[in-house]
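Take the sequence shown: its letters are residues 1 to 186, numbered as in full-length UniProt numbering. One structure is given here, and the rest of the page talks about it.
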Amino acid sequence: MTKRRTLDREKVLATAEKLADEQGLEALTMPNLAKALDIRSQSLYNYVANREEMVSLTGARLMQQMYRQVVDGIIGLSGSKAYLKFADIVRDFLLAHASLSAILYHAQRFSTDSAMYQEIKRMIKLVDQVVDVDGNRLISSHVLVGAVLGYIFLETAPLYQDEDENVATVNYHQMLFRLIDPVEKA
Numbered sequence: 001m002t003k004r005r006t007l008d009r010e011k012v013l014a015t016a017e018k019l020a021d022e023q024g025l026e027a028l029t030m031p032n033l034a035k036a037l038d039i040r041s042q043s044l045y046n047y048v049a050n051r052e053e054m055v056s057l058t059g060a061r062l063m064q065q066m067y068r069q070v071v072d073g074i075i076g077l078s079g080s081k082a083y084l085k086f087a088d089i090v091r092d093f094l095l096a097h098a099s100l101s102a103i104l105y106h107a108q109r110f111s112t113d114s115a116m117y118q119e120i121k122r123m124i125k126l127v128d129q130v131v132d133v134d135g136n137r138l139i140s141s142h143v144l145v146g147a148v149l150g151y152i153f154l155e156t157a158p159l160y161q162d163e164d165e166n167v168a169t170v171n172y173h174q175m176l177f178r179l180i181d182p183v184e185k186a
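Shown next as structure tokens:
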């Protein structure tokens with residue numbers, strides 16, 4: 001009796017996410033994914049058009065997960081508490097899913113109709129809501145996104161690999177609070 005496959009797009013993307021998180025974005029190729037799924041590379045084209053779509057869909061899937069975590073984490077919070085909680089959740093998620101950081105680093109490659117681009121836009125709308133307190137902006141969403149992604153980029157670089165996690169968190173929070181309440185030096 002032949003073994004019936006139960007492969008679908010969700011399983012393909014879940015495996016792509018796992019492969020990228022464990023081995024890095026560079027390892028997310030059609031042949032590597034096919035091998036991880038125990039199928040022929042040609043069979044993947046029934047689920048994704050090419051590597052670019054696979055990366056976009058994988059990134060979008062991760063962005064959706066992060067979005068849900070952020071929304072769940074900031075419900076009932078406002079102002080600087082929501083701002084800090086938002087930034088902490090994003091940082092923790094991106095540190096746990098390095099592949100998403102790599103995908104975001106190359107966000108300019110995605111077309112405006114790609115799944116990844118749409119999820120980035122949805123997250124930016126959420127950022128805008130978090131930084132808007134009663135019609136007053138705590139900070140520009142550009143500044144917050146740039147600061148968080150920049151910090152994570154540096155935090156994961158070999159330069160800071162020996163930094164204590166608690167010290168990194170204190171430094172991260174210091175940066176975040178200085179962005180909304182700059183310390184003026186005489």
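Yeah, the Cβ is synthetic: ideal placement off N, Cα and C, and Gly gets one too.
My understanding is that residue i touches residue j, with C-beta atoms under 8 Å, so please give their C-beta distance in whole angstroms.
i: M66; j: F93; result: 4 Å
i: A82; j: V127; result: A82 to V127, Cβ: 11 Å. No contact.
i: E109; j: I152; result: Note that residue 109 is Arg in the sequence shown here, rather than Glu. Actually they are not in contact, since the Cβ atoms of R109 and I152 sit about 19 Å apart, beyond 8 Å.
i: L154; j: H97; result: In fact, because the Cβ distance is near 17 Å, the residues do not count as touching under 8 Å.
i: T58; j: A36; result: The Cβ separation is near 13 Å, so there is no contact.
Across which residues does DSSP place residue i in a beta bridge pair?
i: R40; result: The partner list for R40 (beta bridge, DSSP) is empty, contrary to what the question assumes.
i: V133; result: N136
Going by beta carbon distance, what residues of the same chain come within less than 8 Å of residue i, once the five residues before and after it are set aside?
i: I124; result: S141 and V145
i: E184; result: Below a pLDDT of 50, predicted positions are generally treated as unreliable, and E184, at 46, falls in that range; the measurement from the model is reported next regardless. Nothing listed; no residue qualifies.
i: Q23; result: N32
i: A27; result: L19 and A20
With the cut-off set at 9 Å, would you say residue i and residue j are in Cβ contact?
i: Q118; j: A49; result: no
i: Q64; j: I89; result: no
i: M180; j: L149; result: Before going further, note that residue 180 is Ile rather than Met in the sequence given. No.
When we look at the beta-carbon of residue i and count the other beta-carbons within 10 Å, is it buried (16 or more) or exposed?
i: T112; result: exposed
i: D8; result: exposed
i: A102; result: buried
i: N106; result: The sequence as given places His at residue 106; Asn does not occur at that position. Exposed: under 16 other Cβ atoms inside 10 Å.
i: I75; result: exposed
Ignore the nearest five residues each way along the sequence and tell me which others in residue i's own chain have a CB closer than 7 Å to its CB.
i: N32; result: L19
i: S41; result: M30, P31 and A34
i: A186; result: Below a pLDDT of 50, predicted positions are generally treated as unreliable, and A186, at 36, falls in that range; the measurement from the model is reported next regardless. So no residue of the chain qualifies.
i: Y47; result: R9 and V12
i: G73; result: K85 and I89
i: S56; result: F110, S114, A115 and M116
When you compare the CB of residue i with every CB in chain D, is at least one pair closer than 9 Å?
i: I139; result: In the structure shown, chain D does not exist; there is a single protein chain.
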